[in-house]
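>
Take a look at the structure:
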């Protein structure tokens with residue numbers, strides 16, 4: 002069996018991307034030409050509408066965001082490959098629920114994670130919630 006190697010890119014767009022950063026974000030995506038894109042610190046706002054429009058026109062037909070609340074930094078997963086998004090419902094910290102988003106692809110799982118706004122450091126966060134990541138991979 003021959004497997005295609007999917008190119009995955011992650012990009013922190015900084016508090017929703019901002020109108021002045023939108024062109025730079027799009028340029029970065031075009032330079033790297035990923036199959037799957039994870040945007041952290043994504044927010045549903047006017048800029049995200051423009052960004053979603055660009056992504057759709059560029060072949061990213063499958064999109065999912067961790068939240069549609071425009072006041073919260075979250076994660077957007079955009080892909081040229083079909084996937085099923087899932088949330089971590091038993092994640093107890095209110096900020097964190099919107100900062101984790103899973104994507105189940107045919108041959109792999111991906112977890113988009115935005116750690117901005119969390120009170121603990123990255124290692125503590127990953128250690129504390131590694132059981133969620135392990136469970137998501139087994140499902």
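In my numbering, the protein residues as written are 2 to 140.
Positions of the beta carbon are idealized from the N, C-alpha and C atoms, including for glycine.
#1: How would you write the range of the beta strand (DSSP E) that residue 48 sits in, first residue to last?
#2: What residues in its chain sit with their C-beta under 7 angstroms from that of residue 48, if we drop five residues either side in the sequence?
#3: Report, in whole angstroms, the separation of the C-beta atoms of residue 70 and residue 45, which I expect to be a contact under 8 angstroms.
#4: Considering residue 105, what are the terminal residues of the beta strand (DSSP E) in which it resides?
#5: Grab me the residues of residue 79's own chain with a C-beta within less than 6 angstroms of its C-beta, minus the 5 sequence neighbours each way, in chain order.
#6: Within a Cβ cutoff of 6 angstroms, which residues of the same chain sit near residue 10, ignoring the five residues on either side of it in sequence?
#7: Judging by CA-CA distance, which residue of 81, 25, 42, 30 is the nearest neighbour of residue 72?
Once the coordinates are examined:
#1: Counted from its first residue, the chain shown places residue 48 at position 47. Unbroken run through residue 48 is the alpha helix (DSSP H), 47-58; no beta strand (DSSP E).
#2: What you label residue 48 is simply residue 47 of the chain shown in a count that begins at 1. Answer for residue 48: 17, 18, 19, 20, 23, listed in chain order.
#3: Locating residue 70 in the chain shown gives position 69, where the first residue counts as 1. Locating residue 45 in the chain shown gives position 44, where the first residue counts as 1. About 7 angstroms; that satisfies the 8 angstroms criterion.
#4: In the chain shown, counting from the first residue as 1, residue 105 sits at position 104. Taken as a continuous stretch (DSSP letters only), the beta strand (DSSP E) holding residue 105 covers 101-105.
#5: By one-based count along the chain shown, residue 79 stands at place 78. If we look at residue 79 and ignore the five residues flanking it on each side, its Cβ neighbours are 38, 56, 61, 64.
#6: Along the chain shown, read from residue 1 onward, the residue named residue 10 stands at position 9. Answer for residue 10: 33, 35, 38, listed in chain order.
#7: Looking up residue 72 in the chain shown gives position 71. That would be 42, whose Cα lies nearest to the Cα of residue 72.
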